[in-house]
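Heads up, the thing below is written out as structure tokens.
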Amino acid sequence: MSHFGYGMMASDPHPMIAEAWDDLRRALVYFRGQPVGTIAALDSSDEKLNYDQVFVRNFVPSALAFLMNGEPEVVKNFLLKTIRLQGWGKKIDRFQLGEGVMPASFKVLLHDPVRNTETLMADFGETAIGRVAPVDSGFWWIILLRAYTKSTGDTSLADKPECQKGIHLILSLCLSEGFDTFPTLLCADGCSMIDRRMGVYGYPIEIQALFFMALRCAMLLLKHDGLGKELIERIVKRQHALSYHMRNYFWLDLNQLNDIYRYKTEEYSHTAVNKFNVMPDSLPDWVMDFMPLHGGYFIGNIGRSHMDFRWFCLGNCIAILSSLATQEQSSAIMDLICYPAIENHEWRIVTGCDPKNTRWSYHNGGSWPVLLWLVTAACIKTRRPQIARRAIELAETRLSKDGWPEYYDGKQGRYIGKQARKHQTWSVAGYLVAKMLLEDPSHLGMIAIKEDKLFKPVLRRSSSWTA
Ligand code: GLC
Numbered sequence: 003m004s005h006f007g008y009g010m011m012a013s014d015p016h017p018m019i020a021e022a023w024d025d026l027r028r029a030l031v032y033f034r035g036q037p038v039g040t041i042a043a044l045d046s047s048d049e050k051l052n053y054d055q056v057f058v059r060n061f062v063p064s065a066l067a068f069l070m071n072g073e074p075e076v077v078k079n080f081l082l083k084t085i086r087l088q089g090w091g092k093k094i095d096r097f098q099l100g101e102g103v104m105p106a107s108f109k110v111l112l113h114d115p116v117r118n119t120e121t122l123m124a125d126f127g128e129t130a131i132g133r134v135a136p137v138d139s140g141f142w143w144i145i146l147l148r149a150y151t152k153s154t155g156d157t158s159l160a161d162k163p164e165c166q167k168g169i170h171l172i173l174s175l176c177l178s179e180g181f182d183t184f185p186t187l188l189c190a191d192g193c194s195m196i197d198r199r200m201g202v203y204g205y206p207i208e209i210q211a212l213f214f215m216a217l218r219c220a221m222l223l224l225k226h227d228g229l230g231k232e233l234i235e236r237i238v239k240r241q242h243a244l245s246y247h248m249r250n251y252f253w254l255d256l257n258q259l260n261d262i263y264r265y266k267t268e269e270y271s272h273t274a275v276n277k278f279n280v281m282p283d284s285l286p287d288w289v290m291d292f293m294p295l296h297g298g299y300f301i302g303n304i305g306r307s308h309m310d311f312r313w314f315c316l317g318n319c320i321a322i323l324s325s326l327a328t329q330e331q332s333s334a335i336m337d338l339i340c341y342p343a344i345e346n347h348e349w350r351i352v353t354g355c356d357p358k359n360t361r362w363s364y365h366n367g368g369s370w371p372v373l374l375w376l377v378t379a380a381c382i383k384t385r386r387p388q389i390a391r392r393a394i395e396l397a398e399t400r401l402s403k404d405g406w407p408e409y410y411d412g413k414q415g416r417y418i419g420k421q422a423r424k425h426q427t428w429s430v431a432g433y434l435v436a437k438m439l440l441e442d443p444s445h446l447g448m449i450a451i452k453e454d455k456l457f458k459p460v461l462r463r464s465s466s467w468t469a
């Protein structure tokens, strides 16, 4: 099957492409004879930990590669298998998790070697380090279902009662009313790609952007019947409130930074400018040096007296792809593509001395090849393909030679990650998806959504809006 559309005919495919497809196919996991996902890493070292499982988030780039290559079967099988797993009783010690919780990962077990029967075993967080349930899994599942539907034109999968029910359950968990006064989703540390303590508890950007994207995808997938209709109404309201909150309070640029620097504190009443009582003294030293004249980004987190100014790639790219970011904000994000790391005392406090997340390593400023597909997609949406081209060229000088590592360390990403697995499937798939997107930008349609005309950009509260 061809890997590319017409665009590729002119030049020879890069030799890494064939190698990547070989790796990706070797990573396929079969259940009762059918492919149902891809293993996290093909690393041959003994220390497998849980890298021999199919992770929901890790499968997404693999799924996109297969969809773009006209092979939707494995994606359909994956979506159906994982939604059945959702129905399992999920308990951590004596505590029952919400019905809508999706697994972080699953594996195929040879149940009875004599009769050769296989069963699936899922992990909802009860065996994960830190025992955290993955909030991102359900969102990725919805996003992938929409990608499948868009790319194949087959609406029958999404229309199946089990898929509709799956969407209802996932969203009911996130749309439920509670004590919170924010439309963002409150979550525990380690509940997404960053699956160990990194000081992202609260309202991490990764989850908020995925939440918004999943809401928009669900709107396109839900049937307008009784429960579906009711859910759609709730989604519209939440989406509205969420985009307002994110575009106003999570957004940081030079003007906004200057406003925060001059904030008064302890303000009371509706007229308060510093609504969440952020202390200007808590501005980290690096943030002003880091902020370009033109450019901006969605910060990592915001809560009461708490702003996490770290720049996270996944959340910002998804904000662009889902049109959570306005067009102006999207191009400002592309003007600034960088990432600060935390160190010394801050690293001790924030990560609890996590030896994997030392400065410029792993989730603390490490460089993840899987993000290549997200950056490429964001570049295409904002019409800056040259940035993606440069990133891919750089990746091509190292990825295959280094054995497709999970992540790189160091400020420039020049070390292979200290504990990085080799032949990490999402590094392989991320590269393939990036290549295919650049060759045929029409693929973007399956993972990007245009701005909803209903949600006109709101005016920022910044006093220097006209600057
Ligand atoms: C690590 C990563 C997580 C990923 C998993 C499997 O735990 O932090 O994001 O899903 O490995 O590759």
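First residue of the sequence shown: 3, per my numbering; consecutive thereafter.
Glycine residues also receive a C-beta, built at the ideal position from the N, C-alpha and C atoms.
Note that this is a predicted model, so its numbers are computed, not measured.
- According to the DSSP assignment, LEU212 belongs to the alpha helix (DSSP H) that extends over 207-223.
- Checking the 8 Å criterion, the Cβ of ILE237 is out of range of every heavy atom belonging to ligand 1.
- Taking the Cα positions, TYR299 is about 9 Å away from PHE314.
- Boundaries of the beta strand (DSSP E) harbouring TRP253: 253-255, taken from the DSSP string.
- For GLU348, the secondary structure class from DSSP, reduced to helix, strand or coil, is helix.
- Comparing C-alpha distances from GLY127 to each of HIS113, ASP191, SER174 and LYS162 shows the shortest one belongs to ASP191.
- Your pair ILE449 and LEU66 checks out as a contact, with CB atoms roughly 7 Å apart and the cut at 8 Å.
- With a minimum length of 4 residues, the unbroken runs of alpha helix (DSSP H) contained wholly in the region 38-95 fall at 58-70 and 75-88.
- Per DSSP, the unbroken alpha helix (DSSP H) holding LEU229 starts and ends at 228-247.
- Between ALA379 and SER332, the C-beta spacing is not below 9 Å.
- A direct Cα-Cα distance of roughly 32 Å separates GLN55 from ILE339.
- With a cut-off of 8 Å on Cβ pairs, the region 181-196 is in contact with the region 240-248, counting three or more such pairs.
- If you keep only unbroken alpha helix (DSSP H) runs of at least 4 residues inside the region 266-312, you get 288-292.
- Relative to the non-hydrogen atoms of ligand 1, the Cβ of HIS365 comes within a distance shorter than 8 Å of at least one.
- Of the heavy atoms belonging to ligand 1, at least one sits nearer than 8 Å to the Cβ of ALA42.
- MET70 is positioned such that its CB atom lies closer than 9 Å to that of ASP442.
- With respect to the C-alpha of VAL372, the residue from ASP14, ALA22 and ILE131 having the closest C-alpha is ALA22.
- Remark: the C-beta of ILE418 is outside contact range of ligand 1, defined as less than 8 Å to any heavy atom.
- At a Cβ-Cβ threshold of 9 Å, LEU256 and PRO294 count as neighbours.
- In this model, THR121 and PHE108 are separated by some 10 Å (Cα to Cα).
- Where SER107 is concerned, the enclosing beta strand (DSSP E) starts and stops at 107-114.
- Within the same chain, Cβ atoms closer than 6 Å to the Cβ of GLU269 are found at ASN276, the five residues on either side in sequence being excluded.
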